[in-house]
Amino acid sequence: MQSSAMVLMGSVRLELIRSYRIGDPGIGLNEPSGLTLNADRTALYTVCDDTKAIFCVDLEGQVLLQQSFFISAAGLEGIALSADGKQLFAVQEETNAVLIIDIAGRCERHQHPLAAMANYDSVAKHFPHRPDNKGLEGITVNTVNQHVFVVKESQPGLLIELDAECRTILSSRCLSKANGFSHPKVGPDKLDFSGLSYDPRSDSLWIVSDQGRCLFQYDWVQDVVLQRLDLEIGEGKRRLVRKAEGVAIDPECGRVYVVSDRDARLYVFKLAAVG
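Its first residue numbered 18, the sequence shown is counted upward by one per residue in my numbering.
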């Protein structure tokens, strides 16, 4: 039998294990957007753009109220854990800013708008002065070098690499057909990107598309999509996850977690070898 590490280096498919309803209007968990594992990979953090809160959910979809907390910022779209497990990074779409949140202190420590970062001129043309609701949607951390990646939703889809302090834009890439971001049923003008997760086993990024209802595994170094995986959730009649807004990968146990904004559900997939 192949190990998870071996599976992740080659072509894989997604197999749905189960899904859980995580929505809870009573606490403001209405439209989960963004997903990241906690430090020991026993729970997940998520956010909602209409609630000033960081929600913690166990791997079976139960909200952990004692580990969830309110913050001062609203409009959060993506969330990621720092390499040392002590901080959370979140993005605001309207302001195109990265927030740094202290987990122990349960509060926002810093807010860094892209426009205030060094080298912003290199990406400024992709961000209109009047927000077009196509701003930052996802965030993740390269746990090897601590660089932070953020993704712009569309028009164009844009992946931006930041330094560990989120003060400098290091580089950026447009996500297009040229580097493999295409879909047989979604045109380039409609294809979007709503979340991402760094995979240290293969040094790649897993990027989820709401409109494509799929995952792209992308090699940043070689600037190429390695594979596209549909988010299938139904047997018999083919069904796909609706409005997938966040993804978190646990390569050590071969699991992929995806959260649906529309259905407020957490989907747990297994990565299985093809063939």
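Every residue, glycine too, gets a C-beta built ideally from N, C-alpha and C. Predicted model, so just to flag it, every value in this text is computed and none were measured.
Taking 8 Å as the cut-off, the beta carbon of leucine 61 is found no closer than this to the beta carbon of alanine 261. When secondary structure is reduced to three states using DSSP, leucine 175 falls in the strand class. Asp220 is the residue among Gly229, Glu249 and Asp220 whose C-alpha sits nearest the C-alpha of valine 241. Residue range 261 to 267 is occupied by the beta strand (DSSP E) that includes glutamate 262. Assigned with DSSP and collapsed to three states, glycine 229 falls in coil, not helix or strand.
In summary, arginine 255 is exposed, with fewer than 16 beta-carbon neighbours lying within 10 Å of its beta-carbon over all protein chains present. Our two residues, serine 199 and leucine 52, have alpha carbons roughly 23 Å apart in a direct line. For a cut-off of 8 Å, the C-beta gap from valine 168 to serine 99 is around 18 Å, too long to register as a contact.
Given a length threshold of 3 residues, each whole run of the beta strand (DSSP E) inside the segment 19 to 98 is given here in chain order: 29 to 38, 49 to 54, 60 to 65, 68 to 75 and 93 to 98.
The residue from Tyr37, Ile88, Glu249 and Phe286 with its alpha-carbon nearest to that of isoleucine 120 is Ile88. For the pair phenylalanine 144 and glycine 152, the Cα-to-Cα distance works out to about 7 Å. Proximity of the segment 100 to 110 to the segment 72 to 84 falls short of the contact definition, fewer than three beta-carbon pairs being nearer than 8 Å. Contact between leucine 192 and phenylalanine 166 does not hold, since their C-beta atoms are separated by about 12 Å, which reaches or exceeds 8 Å. The Cβ atoms of valine 258 and glutamine 228 lie no closer than 8 Å to each other. Distance check between glycine 155 and each of Leu31, Leu175, Ile118 and Gly43 places Leu175 closest, using alpha-carbon atoms only. Membership of lysine 194 in any beta strand (DSSP E) is not indicated, and neither H nor E is assigned to it by DSSP.
In the DSSP assignment, leucine 208 falls outside any beta strand (DSSP E) and carries neither an H nor an E. At the C-beta level, glutamate 94 and aspartate 67 stay beyond 8 Å of one another. At the C-beta level, cysteine 65 and glycine 43 stay beyond 8 Å of one another. For histidine 129, the closest of Gly122, Ile118 and Ser139 by C-alpha to C-alpha distance is Ile118. The beta carbon of lysine 287 sits closer than 7 Å to the beta carbons of Glu32, Ile34, Gly271 and Arg272 from its chain, once the five residues preceding and following it are set aside; these are given in chain order. When the alpha-carbon of alanine 114 is set against those of Ile96, Val225, Asp278 and Tyr235, the nearest one is in Ile96.
The DSSP-derived three-state label of serine 219 is coil. Leucine 131 carries a helical assignment under DSSP once its states are collapsed to helix, strand and coil. With a 10 Å radius around the Cβ and a threshold of 16 neighbouring Cβ atoms, asparagine 55 comes out buried.
By the neighbour-count definition (other C-beta atoms within 10 Å, threshold 16), arginine 126 is an exposed residue.
With a cutoff of 8 Å on beta-carbon distance, alanine 289 and arginine 58 are scored as not near each other.
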